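Novice: As you go down the protein sequences, you meet chains A and B in turn.
Numbering-wise, UniProt numbering puts 308 at position 308 of the first sequence, and it's gapless, one number per residue.
Numbering-wise, UniProt numbering puts 160 at position 160 of the second sequence, and it's gapless, one number per residue.
Glycine included, each C-beta is placed from N, C-alpha and C at the ideal position.
No experiment lies behind these values; they were computed from the predicted model shown.
Protein chains: 2
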Amino acid sequence: MSDKAPTSPVSRERSREIKRLSVILAARQARRLSRVDLAEMTGLSAATVTALVRELVAEGYLIERGPGAPTTGRPREMLEFNPRAELVAAVSLEPPRISCEIADSEGAVIAHRVARLGANVVETVCEFVLDLVGDNLPSLRGVAIAVPGVSTNGAVRLAPSVGLVEAWPIGESVQRRLGVPVVVDNDVNLMAAGECVAGAGADVANLLLIHVAEGIGAGLVLDGKVRRGASGAAGEVGFLPLGGTTERRYSGVGDFEARWSVNAIAERVVALNPGRRPESPVRELSRLAATSAPAREYLDEVLGAWAGLILSCACVVDPGLVLLSGAAAELDDAALDQLQTLVSARTPAPTEVRRATLGDQAVLHGAISYALSAAVPRPSLP
Amino acid sequence: MSDKAPTSPVSRERSREIKRLSVILAARQARRLSRVDLAEMTGLSAATVTALVRELVAEGYLIERGPGAPTTGRPREMLEFNPRAELVAAVSLEPPRISCEIADSEGAVIAHRVARLGANVVETVCEFVLDLVGDNLPSLRGVAIAVPGVSTNGAVRLAPSVGLVEAWPIGESVQRRLGVPVVVDNDVNLMAAGECVAGAGADVANLLLIHVAEGIGAGLVLDGKVRRGASGAAGEVGFLPLGGTTERRYSGVGDFEARWSVNAIAERVVALNPGRRPESPVRELSRLAATSAPAREYLDEVLGAWAGLILSCACVVDPGLVLLSGAAAELDDAALDQLQTLVSARTPAPTEVRRATLGDQAVLHGAISYALSAAVPRPSLP
DNA sequence: ACGCTTTCTTCCTAGTGTGAAAAAAATGAG
DNA sequence: CTCATTTTTTTCACACTAGGAAGAAAGCGT
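(1) At 8 Å on the CB atoms, spell out the chain A contacts of Asn206(B), in chain order.
(2) Helix, strand or coil for Pro278(A) per DSSP?
(3) Hey, how far is the Cα of Asp135(A) from the Cα of Ile216(A)?
(4) Note the first and the last residue of the continuous alpha helix (DSSP H) segment covering Ala189(B).
(5) Given a cut-off of 9 Å on the beta-carbon distance, is the pair residue 383(B) and Ser292(B) in contact?
(6) From the beta carbon of Gly73(B), is the nearest beta carbon of chain A less than 9 Å away?
(7) Thinking C-beta only, is Gly320(B) closer than 9 Å to Ala349(B)?
(8) Would you mind working out which of Leu240(B), Gln361(B) and Leu336(B) sits nearest Ser300(B), comparing C-alpha positions?
(9) Using DSSP bridges, identify the partner residues of Ala146(A).
(10) Output yes or no for whether 9 Å exceeds the beta carbon distance between Ser286(B) and Leu342(B).
(11) Whose CA, out of Ala258(A), Ile265(A), Arg355(A) and Glu172(A), lies closest to the CA of Leu207(A)?
(12) If you measure from the beta carbon of Ser173(A) to each beta carbon in chain B, is any gap under 9 Å?
(13) Between which two residues does the beta strand (DSSP E) carrying Asp104(A) extend?
(14) Pick from Gly235(B), Val180(B) and Cys313(B): whose alpha carbon is nearest that of Gly229(A)?
(15) Could you list which residues in chain B have their beta carbon closer than 9 Å to that of Arg259(A), in chain order?
(16) Which residue's Cα is closest to the Cα of Val269(A): Ile24(A), Val282(A) and Ala258(A)?
(17) I need the boundaries of the beta strand (DSSP E) containing Glu330(A), first residue and last residue.
(18) Inspect the beta-carbon positions of Gly194(B) and Ala362(B) and report whether they are closer than 9 Å.
(19) Secondary structure at Val133(B), three-state DSSP: helix, strand or coil?
(20) Measure the CB-CB distance between Val226(A) and Leu220(A) and report whether it falls below 9 Å.
(21) Can Glu330(A) be considered in contact with the ligand FAD, in the sense that its beta carbon sits closer than 8 Å to one or more heavy atoms?
(22) Roughly how many whole angstroms lie between the Cα atoms of Arg20(B) and Tyr61(B)?
(23) Pro181(A): which of Arg277(A), Arg259(A), Ser139(A) and Thr71(A) sits nearest, CA to CA?
(24) Under a Cβ-count criterion, where at least 16 other Cβ atoms within 10 Å of its own Cβ denotes burial, should Asn120(A) be classed as buried or exposed?
(25) By how many angstroms is the C-alpha of Ile210(A) removed from the C-alpha of Phe239(A)?
(26) Within 10 Å of its beta-carbon, does Asn153(A) have 16 or more other beta-carbons around it, so buried, or fewer, so exposed?
(27) Which word fits residue 407(A), buried or exposed, when buried means at least 16 other C-beta atoms lie within 10 angstroms of its C-beta?
(28) Along chain B, in chain order, which residues have C-beta atoms closer than 8 Å to that of Gly320(A)?
(29) Please work out which residues of its chain come closer than 7 Å, Cβ to Cβ, to Arg97(A), disregarding the five sequence neighbours upstream and downstream, and give them in chain order.
(30) With Leu339(A) and Tyr298(A) assumed to form a contact (beta carbons below 8 Å), what rounded beta-carbon distance in angstroms separates them?
(31) By DSSP, does Asn153(A) sit in helix, in strand, or in coil?
(32) By the criterion of Cβ-Cβ separation under 7 Å, what are the contact partners of Asp337(B) in chain A?
(33) What are the residues that DSSP puts in a beta bridge with Ala111(B)?
(34) For Phe81(A), write down the residues that DSSP places opposite it in a beta bridge.
(35) Examine chain A for any beta-carbon lying closer than 9 Å to the beta-carbon of Phe239(B), and answer yes or no.
(36) Would you mind stating whether Val23(B) and Thr42(B) have Cβ atoms separated by less than 9 Å?
Here's what the structure looks like:
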């Protein structure tokens, strides 16, 4: 439990900042609230809250919304957190294209743009962000960049498709250029964060999101934060040794994902029902299973494999909630029930399986939560 | 990421307390240090440090140790953290017996006692602790109780052997009786915490400790803290579905641990080398493998199974470091190398396998770190 | 002995949160 | 309509804290 406290824990200014932050955070949580509420939530005295609120209103963080709740006594002056006071940029690098969105702290997208990814990634990102925020630059609190498969130490692992060799320099470079905090992370991690703050996992502090696409990856949230592991490889569940005892060496793509990701399933579906490769192989398989016995059988196989995957994760980290994302979210209700049954039968702790609900928006919401928490660095209290 | 801030984040007194704590923590880390060091570490000014140190010396937390480091200028007055100023009690409930140790914050055991576990657990624990601390009661900062297999919500899972039905009430009851914070946790979790602060994982913030005994359990430390999962079942790796596709239902003991824990190995070792069941089956197996081909073969099997276990964990959480504890720590160097090779060949991220170093002391050190951090509740900053 | 350097201490000041009191803003009874 | 009542918001003086500056202390080298 290595703790270092190189910087001041409680200097004068720091303390003041902490106070401000606690008010801002409280306000961000509750949509509308009065000074009294604020005082209760933060534990500060009414006098202090008054002073702070005046300051924050002047700065545009809070807006006065007139009296509310007609009750006996002086009515409370309602305050509202101004979501536009804090903007974040969410940049998503997907193999051939880049998408950039500017959102306020509630997730409302203010501006967005998609384009082909040019040669110089850093240049493109900065240009996009600056262009999209425009005059609101002072409100920009942070930038989150989603990359397919990046590890903390900088090596890009599962992303041979992206043309960038070094991922870490991106974060630093952009940070230097834009002057706001930048975080770079795996897209699946961002999805997990997104579902946790604004999606199917908004009510829990632990979850595991399994994203099935060309590969299979997972994002892990424990105790309210995304956990990346020692070298950022947490959630590389595609490499789980579940398919018997194949003694293959590490080769960039995992045994498990080689057999049970979308590509493999699509092939099999085409074999079962010749024709063009379907847009959504899993949905197609669910459909076929209703009438075709072989399809039914194969679906059972897939569910069995995925159940094994979920079970493995549940035994190691006990997430309590498992969210299915990507192709796995295409399962119909019957299949989902079956999967839940398979899992429940063998887990040592209760584990619920749900579909992720945010879809493409998951990365955006994750990026927002990242950027906001990066913008508001918790004081490094030991 | 559910955050609630019901209590005061930065009231006046709280701020002062935080300051004090940061000094205490800094002092606890560095064994000997001067006021200047302290000022640098905490970021406080020299004036503030002087005042605080005077206070802490008066209270017995710090001791003055005369001048040190003869250098140009006035020599620094060295201070030393007084480990005796903070005592903790580590109670370990093992099936037929209870062991209780009083230790200072450095892990030095001041008093200890072992006895058979009587009928009333709470009574016994309180009596033991009170008796052992004696006059030092005011210095007692916390109590940590290690139970074989307890989950956060109170249900005892893997501990049919212990005669206690409810584990949670223990914590609360003892806390009420002794008036100090009490934490109750799985013994394997405590071992992991212990190895992380004072053992083989002292230099890292992420690790997984695998303890092989009658069952197989793991303790997970991510980002410097023990992670228990949603219902305290993280680390139940005995239930991993690695042994092919046995479709057994949940039955209190996992498929994997049924095949690869000490009991199973001991049986096989007896079969290979008839006689009494050896004290340390794994060590015995390592020995036999040097001369007997069947033993060699079986050892390979065991290592393969354990490698699969480690691999599964590595793929899910990427601990970076895996510590072997219990019977698994009895592997000789050759076997350990072999295991490391098996693991490295297939993990997506570098994963080192070591032996745990603290042995029986691991639980104690874990309990100390628990008790100390429970005694010093971090301010609930959102 | 005399500077010199570094550490520790003392004193004063600026700045902060809080409690109490005052002001403000509505309601409802007479 | 007026006035007591209730609740929220604001103001103000106070107690307290951290930090800066200056001074005292304690050794070292010449």
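Specialist: Concretely, from the data shown:
(1) Taking the first residue of the second sequence as 1, we reach residue 206(B) at position 206. Residues of chain A passing the Cβ test: Gly229 and Ala230.
(2) Along the first sequence, one-based indexing puts residue 278(A) at 278. Reduced to three states, the DSSP call for Pro278(A) is coil.
(3) The residue labelled residue 135(A) in the question sits at position 135 within the first sequence. The residue labelled residue 216(A) in the question sits at position 216 within the first sequence. Those two C-alpha atoms are separated by around 40 Å.
(4) As a first step, residue 189(B) is located in the second sequence; it is residue number 189 there, counting from the start. A quick correction: the sequence has Asn, not Ala, at residue 189(B). Unbroken alpha helix (DSSP H) run through Asn189(B): Asp187 to Ala198.
(5) The requested residue 383(B) does not occur in the structure, where chain B is confined to residues 1 to 382.
(6) Stepping through the second sequence from its first residue, residue 73(B) is reached at position 73. Chain A, which has no Cβ nearer than 9 Å to the Cβ of Gly73(B), makes this no.
(7) The residue labelled residue 349(B) in the question sits at position 349 within the second sequence. The residue labelled residue 320(B) in the question sits at position 320 within the second sequence. Yes, these two residues count as a Cβ contact at 9 Å.
(8) Sequence index remark: in the second sequence, residue 300(B) carries index 300 (1-based). First, the residue type needs correcting, since residue 300(B) is Asp and not Ser in the sequence shown. Cα-wise, what sits closest to Asp300(B) is Leu336(B).
(9) Numbered from 1 along the first sequence, position 146 holds the residue referred to as residue 146(A). DSSP output for Ala146(A) lists Ser92(A) and Asp185(A) as bridge partner(s).
(10) Here residue 286(B) refers to the residue found at position 286 when the second sequence is read from its first residue. Here residue 342(B) refers to the residue found at position 342 when the second sequence is read from its first residue. No, they are not a contact pair.
(11) Counted from its first residue, the first sequence places residue 207(A) at position 207. Selected option, being the one with the closest Cα: Arg355(A).
(12) Along the first sequence, read from residue 1 onward, the residue named residue 173(A) stands at position 173. For Ser173(A), the answer is no, since every Cβ of chain B falls outside 9 Å of its Cβ.
(13) Looking up residue 104(A) in the first sequence gives position 104. Start and end: Arg97 to Asp104.
(14) Taking the first residue of the first sequence as 1, we reach residue 229(A) at position 229. Nearest C-alpha to Gly229(A): Cys313(B).
(15) Position 259 of the first sequence, counted from the start, is the residue given in the question as residue 259(A). Simply none; closest approach about 14 Å.
(16) Taking the first sequence and counting its residues from 1, the one referred to as residue 269(A) is at position 269. Val269(A) has its Cα closest to that of Val282(A), out of Ile24(A), Val282(A) and Ala258(A).
(17) Translated into positions along the first sequence, residue 330(A) becomes position 330. Segment: none, Glu330(A) is in no beta strand (DSSP E) and carries neither H nor E.
(18) Taking the second sequence and counting its residues from 1, the one referred to as residue 194(B) is at position 194. Taking the second sequence and counting its residues from 1, the one referred to as residue 362(B) is at position 362. Yes; because the gap between Cβ atoms is below 9 Å, this pair is in contact.
(19) Sequence index remark: in the second sequence, residue 133(B) carries index 133 (1-based). Of the three classes helix, strand and coil, the one that applies to Val133(B) here is helix, per DSSP.
(20) For this step, residue 226(A) is matched to residue 226 along the first sequence. For this step, residue 220(A) is matched to residue 220 along the first sequence. Cβ atoms of Val226(A) and Leu220(A): closer than 9 Å.
(21) As for the ligand FAD, it is missing from this structure, which has no ligand bound.
(22) The count along the second sequence starts at 1 and reaches residue 20(B) at position 20. The count along the second sequence starts at 1 and reaches residue 61(B) at position 61. When rounded, the distance between both Cα atoms is 11 Å.
(23) What you label residue 181(A) is simply residue 181 of the first sequence in a count that begins at 1. It is Ser139(A).
(24) Taking the first sequence and counting its residues from 1, one reaches residue 120(A) at position 120. Exposed, by the Cβ-count rule.
(25) Counting from one through the first sequence, the residue named residue 239(A) turns up at place 239. Counting from one through the first sequence, the residue named residue 210(A) turns up at place 210. Looking at the two C-alpha atoms, the distance is approximately 13 Å.
(26) Here the question's residue 153(A) lines up with position 153 in the first sequence. Because Asn153(A) sits at a pLDDT of 45, beneath the cut-off of 50, its placement in the model cannot be relied upon, and the point is left open.
(27) Examination of residue 407(A) is not possible in this model, given that chain A is present from 1 through 382 alone.
(28) As a position in the first sequence, residue 320(A) is number 320, starting the count at 1. Simply Gly229, Ala230 and Ser231.
(29) Within the first sequence, the letter at position 97 stands for residue 97(A). If we look at Arg97(A) and ignore the five residues flanking it on each side, its Cβ neighbours are Val114, Ala115, Arg116 and Leu117.
(30) Position 339 of the first sequence, counting from 1, holds the residue named residue 339(A). Position 298 of the first sequence, counting from 1, holds the residue named residue 298(A). Wrong, their Cβ atoms sit about 15 Å apart, outside the cutoff.
(31) The residue you call residue 153(A) lines up with position 153 of the first sequence. Summary for Asn153(A): the model assigns pLDDT 45, below 50, so the residue's position carries little reliability, and this model does not support an answer.
(32) Translated into positions along the second sequence, residue 337(B) becomes position 337. What Asp337(B) touches in chain A: nothing, since even the nearest Cβ is about 17 Å away.
(33) Locating residue 111(B) in the second sequence gives position 111, where the first residue counts as 1. DSSP lists Ile102(B) as partners of Ala111(B).
(34) Taking the first residue of the first sequence as position 1, residue 81(A) is located at position 81. Answer is Leu62(A).
(35) Residue numbering aside, residue 239(B) sits at position 239 when the second sequence is read from its first letter. Output row for Phe239(B): interface = yes.
(36) Here residue 23(B) corresponds to residue number 23 of the second sequence, with the count starting at 1. Here residue 42(B) corresponds to residue number 42 of the second sequence, with the count starting at 1. Against a cut-off of 9 Å, the Cβ pair of Thr42(B) and Val23(B) comes out as a contact.
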